[in-house]
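Q: Questions regarding the structure given below will be posed in turn.
In this note's numbering, the protein residues as written are 2 to 648.
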C-alpha cells in the first residue's frame, strides 16, 4: 500500500499516439522536480513499479516520480519492430518536455533506470530535451552490439538463453489496467504484429558482425550534455560499457563500480551501499535550485580483498580516471615455467589446447544475477594455464587489462577465451576477470566503435597475433596467492564459438598478460579509501536461480539448466513468472550445441486468467520461436517461426 497519491495511466502525447504513465505524487503540493523511468518492461506487471522501493523512497524525498511504458509496450500506444532505436530516445524526450511543463513540476526532470530503462535514459539524454537536468543509468549498455556479442562472439547464454526470447512474451500479455480506453484493441494489434515481425532473436542471429543494424542502435553518448551518474558491476554484462560511455560524455560524470551482478547496489553479495541516498543527493543537487552537494571523485570503486574468513571482503576507493592496459602496467610473460615479470626473454614452448567445448561451466556464475562464484578448477584443468607461483607480496589489479596471444589455429575460425584467476593457498580458484575474442574478426573490436567489422579467415597452422580485452575490475592477489591465466577455445554456455572453431596451439614467446596495477611488498593499506553510508534495509535479497550442471556418461554431453520463478500481487491481478533455460553440448562436437528457453507468465484477473508462453530454441543450424497465449486454459493464439542460422 502506497502512502502517497498515485495517478494511473496519465496520457502523454507523442508522435503518432500516446505514452501512458503512472504518476506518484509527493505530499508537498508545490511544484517539485520530476524523476522519470521510461521502461519497455511493463510498469504494471514485470516491473511492478508500485512495489519498487526506489519509487516510494524518491516520493518520500519530495520528488514527483513518473514511470512511463515505452511506445509499443504495456499501456502505451504503438508497436515495437526492433529494440534499441533512436525513436525510443525521441519519444522519451517528448515525455521529458511534457513533464517539465506540468503545473506540478518545477521544470527540471531527471531520468533513472536499470538495464534497458538505463539505456533509455542515455538515449533520451542524447536528444538533449528541454527540461532534462541529470540522469542515472544503472547497469546500462550504450554500445548495443557489445551487449549481446562479447569480443565479436555471440554471448549465447545472455542473448539466446535470456534477454532476446524473454522480451518476446511482452506483446502476448494484455495491459494489467483494463480501465484505460481501447486496451483490448492495442493488445489485439500486438498479437497480430507477431505474425509479421521478425523475432528479436532472429534479428540478432542475422547480424553476427557489427553492421549498420547495430551501428544505428549505439547511443550517441558524445551528444549528452547533462550530468550523469553511471553505475556498473564487475560481474555484470555491461560493466565495461559503463566505463566506456562515461569517458565519452561531455558533461560532469561520476561513476560507481562495484563487484555486483545485474542487481541494485543495495542487493549485491558484497559492497552494499546506501545507493538510494546517493540518488537522492544527486537529484537534489541537479534538480533543485541551490541544493549543495559535496563533490566526489569521478570514480568510486570497490577493490576485492577476499580472505579465508570473508570471501566478499574489500574496500571502497577513488580515482579520477579508469586505468587501461597502457597505464602503469605490469607485463606477465608466458613461458615454460608459467608467468614471469622478468625482462629477460623466456624460453618458448608451443602448448596445445585440446578441444573441450564444455569449458566454462564452473565460471558462468560470475555473471548470473543471484548466482555465486564457484571454484574454477574444473575449467582450469581443461584449459592452458600459466601461473606466477605463490606471491611473496601482494599484486593489485585495478583497471581494464589485455592479453596478447600468439595463436596457431587448426581452422580458419577460432574463439579464444581468457580468464584471470586468483588461486588461494588451498588450491581453489576464484574468477577475477575474463575476456573473449572471435579471432577471425579483422582489427580491434572497439567497445563503442563503428560498423564494418568483417571476418577475415585465419590461416590454419600459421601464427596470428590475437588481442583479448579483459573486463574492468579491481582485485588484490594477497601474499601466498597465485595469479593464474587460463586460456581455452570455449566458455560454455556464456559464449558460442563460430562455426569451424576447433583446437589451437599457443607459442608462449609471443604471449603476455598486461594488467594495470602494481606489486606491494606486503598486504597493502590504501590511502585513497572512501566510505559510503550503509544500505537502507528496503530491498529484498535477490533470489538465486535453480542452477544445475549434468554430464551424460553415454555421449559425453554436458547440460546446464537454469530456472527461476516468482509470484507478485499486482493492483488488478496476480502475476506469475517462470523461466527455464537449458544449454547443452558434447565435449568434442560443436555441432551438437543447443540452447533452449521457455518463459511463461500468468495474469490472474478476477474474471479470467491469461497465460503467455514463449518457447525458443537455437542450434547450430536453426532457430525457432513459438508464441502461445491461453485464456482460462484454452489456447486462443499460437504462432511458430523458424529460420536458418549460419554462424
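In this text, a Cβ means the ideal position worked out from N, Cα and C, and glycines have one as well.
Can you tell which of 318, 415, 616 has its C-alpha closest to the C-alpha of residue 526?
A: Residue 526 has its Cα closest to that of 318, out of 318, 415, 616.
Q: Would residue 201 and residue 223 be called neighbours here (beta carbons separated by less than 8 angstroms)?
A: No, these two residues do not count as a Cβ contact at 8 angstroms.
Q: Cα-Cα, which of 471, 215, 419, 173 is closest to residue 492?
A: The shortest Cα separation from residue 492 among 471, 215, 419, 173 belongs to 419.
Q: What runs of the alpha helix (DSSP H), each 4 residues or longer, lie entirely inside the region 146 to 223?
A: As far as the region 146 to 223 is concerned, its whole alpha helix (DSSP H) runs of at least 4 residues are 165 to 169, 184 to 194, 201 to 206, 213 to 216.
Q: State the Cα-Cα distance for the pair residue 495 and residue 64, rounded to the nearest angstrom.
A: Straight-line Cα distance between these residues: approximately 40 angstroms.
Q: In whole angstroms, what separates the C-alpha of residue 20 from that of residue 501?
A: So the alpha carbons of these two residues sit roughly 47 angstroms apart.
Q: Checking the sheet assignment: what are the DSSP bridge partners for residue 84?
A: Per DSSP, none; premise fails for residue 84.
Q: Tell me which residues share the same chain as residue 514 and place their Cβ nearer than 6 angstroms to its Cβ, disregarding the 5 neighbours each side in the sequence.
A: Excluding positions up to five away in sequence, the list reads 333, 404, 486.
Q: Check residue 451 in the structure and name its three-state DSSP category.
A: With a pLDDT of 48 at residue 451, under the threshold of 50, the predicted position of this residue should be treated as unreliable, and no value is reported.
Q: Do residue 333 and the ligand ATP come close, with the Cβ less than 7 angstroms from some heavy atom?
A: Ligands are entirely absent from the displayed structure, and the ligand ATP is therefore not among its contents.
Q: By how many angstroms is the C-alpha of residue 632 removed from the C-alpha of residue 609?
A: So the two alpha carbons sit approximately 7 angstroms from each other.
Q: Can you tell me the Cα-Cα spacing of residue 537 and residue 273, whole angstroms?
A: One C-alpha to the other measures close to 9 angstroms.
Q: Does DSSP put residue 101 in a helix, a strand or coil?
A: Three-state DSSP puts residue 101 in a helix.
Q: What does the alpha-carbon distance come out to for the pair residue 442 and residue 154?
A: Each residue's Cα considered, the two are about 9 angstroms apart.
Q: So is residue 549 buried or exposed if we call it buried at 16+ other beta carbons inside 10 Å?
A: Flag for residue 549 reads exposed.
Q: Using CA atoms only, rank isn't needed, just tell me which of 163, 359, 61 is closest to residue 553.
A: Measuring from the Cα of residue 553, the nearest candidate turns out to be 359.
Q: So is residue 628 buried or exposed if we call it buried at 16+ other beta carbons inside 10 Å?
A: Looking at its Cβ environment, which holds 16 or more other Cβ atoms inside 10 Å, residue 628 is buried.
Q: Rounded to the nearest angstrom, what separates residue 140 and residue 348 at their Cα positions?
A: Computed Cα separation, rounded: 43 angstroms.
Q: Tell me residue 465's beta-bridge partners as DSSP assigns them.
A: DSSP output for residue 465 lists 408 as bridge partner(s).
Q: Who are the near neighbours of residue 325 in its chain, counting only those whose CB is closer than 7 angstroms to its CB and skipping five residues on each side?
A: Only 400, 401, 517 meet the Cβ criterion.
Q: What's the gap between the Cα of residue 282 and the Cα of residue 613?
A: When rounded, the distance between both Cα atoms is 41 angstroms.
Q: Answer yes or no: do residue 478 and residue 411 have a C-beta to C-beta separation smaller than 8 angstroms?
A: The answer is no: Cβ separation not under 8 angstroms.
Q: Nearest CA to the CA of residue 458: which residue from 416, 429, 90, 431?
A: Closest option to residue 458, Cα to Cα, is 416.
Q: Just mark residue 22 as buried or exposed, buried being the case when its beta carbon has 16 or more other beta carbons within 10 Å.
A: The residue in question, residue 22, is buried, as its Cβ has 16 or more Cβ neighbours within 10 Å.
Q: Can you check the region 99 to 139 for any alpha helix (DSSP H) of at least 4 residues that lies completely inside it and give the ranges in chain order?
A: Counting whole runs of 4 or more residues, the region 99 to 139 contains the alpha helix (DSSP H) stretches 117 to 128.
Q: As an exercise, report each continuous beta strand (DSSP E) stretch of at least 3 residues that is fully enclosed by the region 289 to 369, in chain order.
A: You should have 300 to 305, 315 to 320, 330 to 336, 339 to 341, 351 to 354.
Q: Skipping 5 residues on each side, what residues in its chain have a beta carbon closer than 6 angstroms to that of residue 8?
A: Excluding sequence neighbours, residue 8 sits near 24.
Q: Between the region 41 to 57 and the region 567 to 585, can you find at least three pairs of beta-carbon atoms closer than 8 angstroms?
A: Touching, per the Cβ criterion.
Q: Do the region 287 to 299 and the region 261 to 270 make contact, defined as three or more Cβ pairs closer than 8 angstroms?
A: Verdict: no, contact absent.
Q: Candidates 167, 558, 29: which alpha carbon is nearest residue 592's?
A: When each option's Cα is compared against that of residue 592, the closest is 558.
Q: In the DSSP assignment, what residue or residues form a beta bridge with residue 438?
A: Beta-bridge pairing links residue 438 to 417.
Q: So residue 112 and residue 39 are in contact, right, with Cβ under 8 angstroms, and what is the actual spacing, rounded?
A: Between residue 39 and residue 112 the Cβ distance is about 7 angstroms, and since that is below 8 angstroms, they are a contact.
Q: How many whole angstroms separate the CB atoms of residue 323 and residue 480, which I take to be in contact at a CB cut-off of 8 angstroms?
A: No, residue 323 and residue 480 are not in contact; Cβ-Cβ is about 26 angstroms, not under 8 angstroms.
Q: Is it a yes or a no for the region 91 to 101 touching the region 296 to 309, going by three-plus beta-carbon pairs under 8 angstroms?
A: These segments do not touch.
Q: Distance, Cα to Cα, residue 637 vs residue 163?
A: Taking the straight line from one Cα to the other gives about 26 angstroms.
Q: Locate the alpha helix (DSSP H) running through residue 249, then write down its first and last residues.
A: Taken as a continuous stretch (DSSP letters only), the alpha helix (DSSP H) holding residue 249 covers 240 to 249.
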